[in-house]
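Residues 19 to 354 (the working numbering) are what the sequence shown spells out, left to right.
Beta carbons: idealized from backbone N, C-alpha and C, even for Gly.
Just so we're clear, the structure is a prediction, and the values are computed from it rather than from any experiment.
Read through the structure below, which is laid out as structure tokens, and then see the notes.
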Amino acid sequence: MNDTVASQELLAAADQHLVDGVLARQPRALAKAITLVESTRRDHQARAEQVLAALLPHTGKAIRVGISGSPGAGKSTFIEALGLHLIERGHRLAVLAVDPSSTLSGGSILGDKTRMEKLSTDANAFIRPSPSGGSLGGVAEKTREAMLVCEAAGFDVIIVETVGVGQSETTVAGMVDAFVLLQLPNAGDDLQAIKKGIVELADLVVINKADIDPKAAEFARHHFEGALALLRSASPGWRPPVLTVSAQTGRGIEAFWGEIERYRKAMSESGGLEAKRKRQAVDWMWTLIDGELRNRFRHHPQVKHDLEQVSRAVTAGSMTPAAAAHRLLGYLQDKD
Ligand code: GDP
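Written out as structure tokens, the structure reads:
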């Protein structure tokens, strides 16, 4: 903890003010702190690190829930219904998004103002669209840090929303306590999830839009239960339940939260939750180390100078990939 104390001593007055504002739950300070955390500027990143270090002792108390599903599955309708239900029960809720495609499409899954209309105007909710960090790693890194800022600002429920693209589900599952897969009651949707191995990540599966065709929803529920029974559960000691809900009518929302609370209790009592968070923190450290090493490698002057020539030699077969990697990596040992 000495490092934290040292960081706090280094905190500039303006940043100390920001930290105090976040801890006092001021919306402006919260938004500013997250903007700082999301910035790609080197000087901002250094400040963000100090701010996060100062906030860190005030984090960790929230329940972190990941919600994933294909576009149209009903994520925003579901989160709005759930959020309003939770606020009514005295919770404070932050909704963050991980959407690496937002950089390409120019919009984010939470960018559309019409989504979560009631929730977005509620003082006890905070909704943040996906940062445009470029790579999934960049987006996820910022979302993870934004999550910590929200926890320090007293939000006791954090929802991380993601769409079913690429690796984003695995990344989100790696930063939350409970990972929820939202599905439609049709075979196409569930087959895809099973094929892509997403079901394996789920601590809970929710079949949405059960109001449209209750029979089909029940069929899908059985189907998923069968599929899950064959898999090793994502969280040891926990058998992922499958629920049917209607985000539109609100049916099943209360039961859903009951399952999340049951999960949290079971996992806390078994020590599984603490173990999971510790594992996630170390994994995250390695992700950051890997990313930074890759970054340094790509920006190393000698690597930049030789990369094309060495790649050509590998393509031509005059150099083995191993020899090429050895030579280029060797530059990193030289002094920059
Ligand atoms: P997202 O892309 O996953 O965020 O999905 P949306 O929440 O935007 O929902 C897509 C469409 O499905 C919208 O037109 C919603 O009104 C509708 N929808 C969402 N949940 C339900 C539900 O439980 N029942 C019905 N009938 N429609 C729903």
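Residue i beta carbon near ligand 1 (any heavy atom closer than 7 Å)
i	result
D229	yes
N226	yes
P232	no
T161	no
S138	no
S86	no
T95	yes
G92	yes
A158	no
P203	no
P75	no
P89	yes
A265	yes
CB of residue i within 8 Å of CB of residue j, strictly
i	j	result
Q266	A238	no
V224	L246	no
A234	V198	no
Y281	A191	no
L291	L325	no
I177	I85	yes
V116	T77	no
A64	L54	no
G155	G348	no
I278	I81	yes
V181	V83	no
Nearest residue (CA-CA) to residue i, options the options
i	options	result
E169	V328, R43 and L325	R43
H103	W304, R314, G268 and G335	G268
E106	G39, N142, L73 and D61	N142
D38	L73, E67 and R295	L73
T262	P89, K227, T58 and V116	K227
K93	E179, K79 and P147	E179
L248	A341, Q34 and G215	G215
Q68	G289, A99, H35 and S88	H35
L111	P118, D140 and R133	D140
L48	M134, P75, A158 and M165	M165
Taking only runs that begin and end inside the segment 69-137, name each unbroken beta strand (DSSP E) of 3 or more residues, in chain order.
Listed in chain order, they are 81-87 and 111-116.
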